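In my numbering, the protein residues as written are 606 to 723. Beta carbons: idealized from backbone N, C-alpha and C, even for Gly. This structure is a prediction, so every number in the text was calculated from the model and none was measured.
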Amino acid sequence: MAKIEDLAMAVLEYDNLLARTLVQEYYDPLLALAHIEKPVTEDRDILVTSAALLELLSLRRGQTPPAWTAEVGPLLHSRYLLKAAASMQRLRRMCETEAPEPLRKRGLFAPPNFLEFV
606 MAKIEDLAMA VLEYDNLLAR TLVQEYYDPL LALAHIEKPV TEDRDILVTS
656 AALLELLSLR RGQTPPAWTA EVGPLLHSRY LLKAAASMQR LRRMCETEAP
706 EPLRKRGLFA PPNFLEFV
């Protein structure tokens, strides 16, 4: 099973192929997302992104996210999860206004279907 922090790192590094590969494991119908442990990391961006991704996946799968995610606040500086958002104004605006709530509340911006199609 891929660690949630590995998925978070792939997302933050714009490695979309790796992120899509890793996230597939989190769509396993037998996986209880609430039991995924908090990452052991000093990197706040990895921790925040891990929490946001688990909440997003939990929402999409109709599950309860791990309790530890509620303790994790937002990023210190907002980030777009698609590199193209830096240069494409419409995409950037869509990411800001339509990002899934678990991402948006933590300062992460992506299209509404981010990591939905794996």
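- Phe719 sits buried, since 16 or more C-beta atoms from the chains shown fall within 10 Å of its C-beta.
- Residues Asp650, Ile651, Thr654, Arg684, Leu686 of the same chain have their beta carbon placed closer than 8 Å to that of Leu617, with the five preceding and five following residues left out of the count.
- When the alpha-carbon of Arg666 is set against those of Leu680, Gln694, Val628, Ala624, the nearest one is in Val628.
- Apart from the 5 residues on each side of it in sequence, Thr626 has no Cβ closer than 6 Å to any other Cβ in its chain.
- The alpha-carbon separation between Glu630 and Leu662 amounts to approximately 11 Å.
- When Ala715, Val677, Leu681, Phe722 are compared, the shortest CA-CA separation from Ala704 is found for Ala715.
- Check the Cα spacing between Ala672 and each of Gln694, Cys700, Ala639, Phe722: the tightest is with Ala639.
- Arg649 carries a helical assignment under DSSP once its states are collapsed to helix, strand and coil.
- Across the structure, Pro644 and Arg695 are spaced so that their CA atoms are roughly 34 Å apart.
- By the neighbour-count criterion, in which a residue is buried when 16 or more other Cβ atoms sit within 10 angstroms of its Cβ, Pro670 is buried.
- With respect to Leu658, Ala607 sits apart: the two C-beta atoms are not nearer than 8 Å.
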